[in-house]
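What follows is a single structure, written as structure tokens, with notes after it.
In the numbering used here, the protein residues as written are 154 to 715.
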């Protein structure tokens with residue numbers, strides 16, 4: 154009898170123990186009520202005790218502290234919770250490169266303004282009204298450079314603009330050198346048509362064209378690349394999560410609530426599988442993203458070296474002055490070649506053969522330019538400092554998309570211990586972790602992913618990155634492949650490639666110069682310029698030209714004197 158009583162007591166205690174282990178939360182859901190309320194939901198949604206057989210759609214069946222209404226609300230919350238860390242990481246990346254784009258763009262624009270002001274100030278101080286009367290030539294030159302920087306070759310053909318500048322400069326200087334003559338429009342057209350052949354400015358136009366093209370293409374394309382990064386990040390990061398992803402996030406984040414285990418965190422590998430399934434399309438962006446960043450880094454190296462925008466623009470007034478000095482020194486030879494090729498001009502009326510230095514108002518002496526005399530900077534910084542900083546940021550941004558799951562599944566969001574939430578219970582997660590990308594999700598145990606339907610928005614951004622990478626690679630070689638092909642083509646140059654090389658035969662040799670027949674010929678023949686012995690008449694012409702050089706130095710068209 155006593156034996157049976159003891160056995161009955163032990164059996165009853167065992168049943169109670171098993172019941173307690175199987176239904177730990179059937180007695181109270183107080184912790185769930187507190188956690189649920191902290192999310193902003195009505196605490197009255199939560200039952201006081203666990204409910205058996207609640208018709209839940211996502212979380213495991215059995216005794217639960219969740220109702221179907223709670224599950225739906227927590228599912229919406231899980232969607233927000235899933236987006237939050239991704240949005241934060243994306244926003245940080247966007248902010249970083251918006252700032253860098255602003256810094257570079259401001260620097261390049263201020264450098265252009267500073268170069269224009271430096272030239273203007275020096276010429277006004279040195280040549281006074283003579284410069285003011287001709288200042289529009291240089292003003293237009295800088296306006297076109299700024300327009301090219303902003304709008305690209307769709308708005309300004311850089312080669313044509315530079316050619317026009319040197320032709321206009323030659324026309325003005327040629328008339329100043331030969332003030333004793335009168336020149337018709339047709340005659341000046343003949344002169345300007347052969348600027349490259351005459352090479353009145355020496356090798357400066359060719360070198361400056363090469364330097365400006367490389368520097369402007371590199372600066373403009375690099376700045377465009379920096380502007381593109383936040384745009385891509387914004388569009389990709391706002392791609393909506395699929396219903397299966399939201400379901401998986403709910404199961405990972407809030408099904409422990411339904412079990413009454415609000416402090417239980419997901420296993421790390423479980424989190425990785427969920428996030429790699431949810432971010433499968435984003436991970437496919439990584440290859441082109443990294444290619445784009447590599448191209449940006451390569452172009453940054455160019456900006457620090459041979460394509461340095463700062464080293465080209467800062468002394469541009471000195472380079473133009475060097476060209477003008479070349480013209481001054483060779484003015485008699487240039488004039489002789491023009492007279493032989495375009496014909497002998499008519500003497501001007503009322504020409505005075507002598508001009509005093511006092512009359513011209515120019516009393517300066519030329520002095521060679523010293524780079525040390527002009528410490529540079531714009532926007533309170535320098536190009537070297539800007540590129541050093543941005544290269545670090547670009548390197549850090551590599552593999553951003555493929556490492557996004559690891560970035561999310563870190564810190565307090567997960568636990569690396571075995572006593573973690575594995576999707577069904579507090580236990581070790583046994584499934585294999587999937588790789589990154591859409592194709593690797595075919596067997597994802599936690600997220601249903603349709604690998605046959607890539608996201609349209611992300612695929613379009615992959616194409617955008619590919620195109621930008623091709624522009625960056627072209628800029629690395631000094632070529633502009635017309636980034637803004639959709640802009641108005643004001644000069645018919647849109648869609649054309651502008652290179653930094655020298656394709657004209659006149660860049661290579663200083664052989665005999667041939668003048669073709671002008672539209673309104675002064676002398677309707679083709680001339681071959683040859684070197685002849687100077688005659689007495691020539692000596693008189695040369696003497697007149699020497700006197701006219703004083704007038705030349707007046708007209709803004711001279712190198713620096715400091």
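Every residue gets a Cβ at the ideal spot worked out from N, C-alpha and C, and that includes glycine.
Everything numeric in this text was worked out from a predicted model, so none of it was measured.
Nearest candidate by alpha-carbon position, reference residue i, set the options
i	options	result
residue 253	627, 481, 534	534
residue 629	389, 231, 545, 452	452
residue 323	309, 337, 341	341
residue 189	337, 377, 181, 410	410
residue 405	578, 268, 199	578
residue 362	313, 291, 478	313
residue 360	319, 287, 372, 397	319
residue 389	488, 371, 236	236
residue 195	386, 223, 212	223
residue 355	400, 481, 394, 463	481
residue 368	454, 407, 380, 442	454
residue 564	231, 251, 626, 421	421
residue 500	276, 484, 599, 332	332
Boundaries (first-last residue) of the alpha helix (DSSP H) holding residue i
i	result
residue 366	357 to 390
residue 587	Looking at the DSSP string, residue 587 is not in any alpha helix (DSSP H), and its letter there is neither H nor E.
residue 469	469 to 482
residue 438	From DSSP, residue 438 is part of no alpha helix (DSSP H); its letter is neither H nor E.
residue 624	609 to 629
residue 565	That residue, residue 565, is in no alpha helix (DSSP H); it is neither H nor E in DSSP.
residue 293	288 to 304
residue 329	311 to 330
residue 204	Run containing residue 204: none; DSSP gives neither H nor E here.
residue 581	Segment: none, residue 581 is in no alpha helix (DSSP H) and carries neither H nor E.
residue 557	557 to 561
residue 462	462 to 466
residue 343	338 to 346
residue 407	From DSSP, residue 407 is part of no alpha helix (DSSP H); its letter is neither H nor E.
residue 183	183 to 191
C-alpha gap between residue i and residue j, whole angstroms
i	j	result
residue 430	residue 437	12 Å
residue 569	residue 424	10 Å
residue 316	residue 556	50 Å
residue 448	residue 622	6 Å
residue 426	residue 624	36 Å
residue 228	residue 220	12 Å
residue 209	residue 617	43 Å
residue 562	residue 259	38 Å
residue 182	residue 595	38 Å
residue 344	residue 249	53 Å
residue 722	residue 374	In the structure displayed, the chain extends from 154 to 715; residue 722 sits before or after that span and is not available.
residue 272	residue 476	14 Å
residue 307	residue 575	57 Å
residue 492	residue 478	21 Å
residue 186	residue 537	58 Å
residue 614	residue 433	15 Å
residue 474	residue 266	18 Å
residue 544	residue 382	14 Å
residue 217	residue 202	8 Å
residue 660	residue 392	Note on residue 660: pLDDT 32, under 50, position unreliable in the model; no value is reported.
residue 419	residue 184	18 Å
residue 774	residue 261	Only positions 154 to 715 of the chain appear in the structure, and residue 774 is not among them; the question remains open.
residue 539	residue 371	14 Å
residue 290	residue 269	12 Å
residue 284	residue 466	21 Å
residue 495	residue 634	38 Å
residue 414	residue 442	41 Å
residue 301	residue 295	10 Å
residue 402	residue 445	32 Å
Min CB distance residue i to chain B below 7 Å
i	result
residue 372	Chain labels in this structure do not include chain B; a single protein chain is all it has.
Residues that residue i bridges to, as DSSP identifies them
i	result
residue 353	Paired residues: none, contrary to the question.
residue 217	204
residue 499	335
residue 420	568
residue 554	Its beta-bridge partners do not exist; DSSP assigns none.
residue 574	419, 579
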